[in-house]
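Have a look at the structure below before the remarks.
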Amino acid sequence: MKISPFGAAANNTAQITFTLCQNPLRQSISPVNTHWTTSINDGALEGGSSGGPFFDQNNRVVGQVHGGVIGCAPRIVHAGRFDVSWTGGGAANNRLSTWLTNDPNVTQTNTISMPYISGSSAVCSSGTTFTVNYVPPGGTVRWACSTNISFDNQPGNPKVFTANGTNSGWIVARIITSCNDTITLPTQVVWVGPYSSSNYPITGPSSASCRQYVYYSIPTLIGVTSINWIWPSGWTYISGQGTTNLALQTGTTGSSGTVAVQATNACGSGSYATKYTSVTGICGYSLTVSPNPATNEATIELINTVEEKATETPEWELEVFSPGQLLKTKTGKLKDKIHKLNTQGWKDGVYIVRAIINGEPLTEKLVIKQ
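Sequential numbering from 843 applies to the sequence shown in our numbering.
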């Protein structure tokens, strides 16, 4: 409804004859002194304007549009007198005063039910039913949809739609009233068919330091019923399972792995989308050298500081560099956590001991004193 700003005075009308769009077409005559009539020279009177307010010079509602000649100004407009509607016939079912009140003891219920579309947010190949609720008496429902959805192209309510493709889609319903007016309902946005992993690519880091907090996400999906994340076993879950955003903490050195997610809707589950994250740095291990200073032999021990993995030792390499930063000795593919290093005859000075675990270095100093 559009409101005309035209400010001409209204007249109290003795009697008005209305032509009502009903089946069959008929006329109605208003009682005497129940309406205001005015001629607007600005704006328009549109179909469906009934109930629109008439205001006085103090911006108070004095009437509600009842009828007139539809079209652009100038137009005659008739409005029911608000004071007459207020008192009505003196009973609760025919007056406004009972309901437009601030009395907390009065139950104020809007009994007008607006039409709307109900149905799933996903259209499947097996067929999905959509219904327009509260169709006005005598109304006919006509449907339309996106090209990746099929139906019988006939009026009717409810209506079964079938997926003939994938991705997002839409369904719209139009009610044709007994007066041949068209009411277009809000478009129902749906997902067509099950998801593909390409519909929810994972955003997140390709690499991260060990014991670092990392965050992953996927796009918001239409019609999703469940989301399932999986992550490397050595990582720590923080929050977000079942949502589009996941928070984790990476594991210790060498815990690189794949984060994956699967989304499900009413039509089924998509495949897992994946994201590989390389974990860098040394975490969960320490290196000890004893005795230190050493003379003829030093014991190098690789310690796993993660309590639940204290007995596990990864394959590692050992390198020792002289005080002049030259490689003194190198031992590869060590499987025991303890290695005996023969230092007999080495010159006094500070040596660098380096353990390499999954390509990551861990260093300690060794002092030789003969």
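Using N, Cα and C, we set each Cβ at its ideal position, and we do this for glycine too.
For residue i, collect the residues of the same chain with a Cβ closer than 6 angstroms to its Cβ; drop the 5 residues on either side in sequence, then sort them by chain order.
| i | result |
| --- | --- |
| Tyr1057 | Ala1089 |
| Asn944 | none |
| Val1014 | Ala986, Thr1029 |
| Thr1045 | Ser1059 |
| Asn1087 | Ser1059 |
| Thr1173 | Leu1160 |
| Arg984 | Pro997, Arg1016 |
| Ala1102 | Ile1072, Tyr1114, Thr1116 |
| Gly1093 | Gly1076, Trp1077 |
| Gly1084 | Ile1069 |
| Val965 | Ile991, Phe1003, Ala1005, Val1032, Val1034 |
| Val926 | Thr876 |
What residues are listed by DSSP as bridge partners for residue i?
| i | result |
| --- | --- |
| Gly913 | Leu887 |
| Val926 | DSSP, once it has assigned bridges, lists no residue as partnering Val926. |
| His1181 | Ile1142 |
| Thr1106 | Ser1068, Ser1111 |
| Arg1196 | Glu1161, Thr1205 |
| Gln906 | Pro895, Gly922 |
| Val1131 | Ile1142 |
Which word fits residue i, buried or exposed, when buried means at least 16 other C-beta atoms lie within 10 angstroms of its C-beta?
| i | result |
| --- | --- |
| Gln864 | Because Gln864 carries a pLDDT of 48, less than 50, the predicted location of this residue cannot be relied on, and no value is offered for it. |
| Pro916 | exposed |
| Arg923 | buried |
| Ser1097 | buried |
| Asn1041 | buried |
| Lys1001 | buried |
| Ala933 | exposed |
| Leu1169 | exposed |
| Tyr1037 | buried |
| Val1066 | buried |
| Trp1188 | buried |
| Cys1109 | buried |
| Trp1158 | buried |
| Leu867 | Note on Leu867: pLDDT 49, under 50, position unreliable in the model; the coordinate value appears next. Leu867 should be labelled exposed. |
| Gly910 | buried |
| Thr1119 | buried |
| Ala1050 | buried |
| Gly889 | exposed |
| Leu942 | exposed |
Quick one: residues in its chain with C-beta nearer than 7 angstroms to the C-beta of residue i, no 5 flanking neighbours on either side, listed in chain order?
| i | result |
| --- | --- |
| Glu1202 | Thr1095, Thr1122, Gly1123, Ile1124 |
| Asn999 | Thr973, Val974, Val977, Val983 |
| Lys1182 | Glu1139, Thr1141 |
| Asp1190 | Ile1210, Lys1211, Gln1212 |
| Glu1154 | Asn1146 |
| Ile1018 | Gly981, Thr982, Arg984, Thr1024 |
Rounded to the nearest angstrom, how far is the Cβ of residue i from that of residue j, given a contact under 8 angstroms?
| i | j | result |
| --- | --- | --- |
| Leu938 | Gly931 | In fact, because the Cβ distance is near 11 angstroms, the residues do not count as touching under 8 angstroms. |
| Tyr1127 | Ile1145 | 7 angstroms |
| Thr1185 | Ala1140 | 6 angstroms |
| Val1034 | Asn1009 | 6 angstroms |
| Pro957 | Leu887 | Their Cβ separation, rounded to whole angstroms, is 24 angstroms, which puts Pro957 and Leu887 out of contact at 8 angstroms. |
Going by beta carbon distance, what residues of the same chain come within less than 8 angstroms of residue i, once the five residues before and after it are set aside?
| i | result |
| --- | --- |
| Lys1207 | Val1131, Asn1134, Val1192, Tyr1193, Ile1194, Val1195 |
| Phe993 | Trp985, Cys987, Lys1001, Val1002, Phe1003, Thr1004 |
| Gly905 | Ala852, His877, Trp878, Pro895, Phe896, Ala921, Gly922, Arg923, Phe924 |
| Asn936 | Gly930 |
| Cys1052 | Thr1092, Gly1093, Thr1094, Thr1095, Ser1097, Val1121, Thr1122, Gly1123, Ile1124, Cys1125, Gly1126 |
Closer than 9 angstroms, CB to CB, is residue i near chain D or not?
| i | result |
| --- | --- |
| Glu1157 | In the structure shown, chain D cannot be found, because there is only a single protein chain. |
Can you list, in chain order, the stretches of the beta strand (DSSP E) that have 3 or more residues and sit fully within the stretch 1037-1100? 1049-1051, 1055-1059, 1068-1072, 1078-1081, 1087-1091
At what residue ranges does the stretch 1149-1178 contain a whole run of the beta strand (DSSP E), taking only runs of 3 or more? 1158-1163, 1169-1176
Runs of alpha helix (DSSP H) wholly within the stretch 964-1019 (minimum 4 residues, chain order): none
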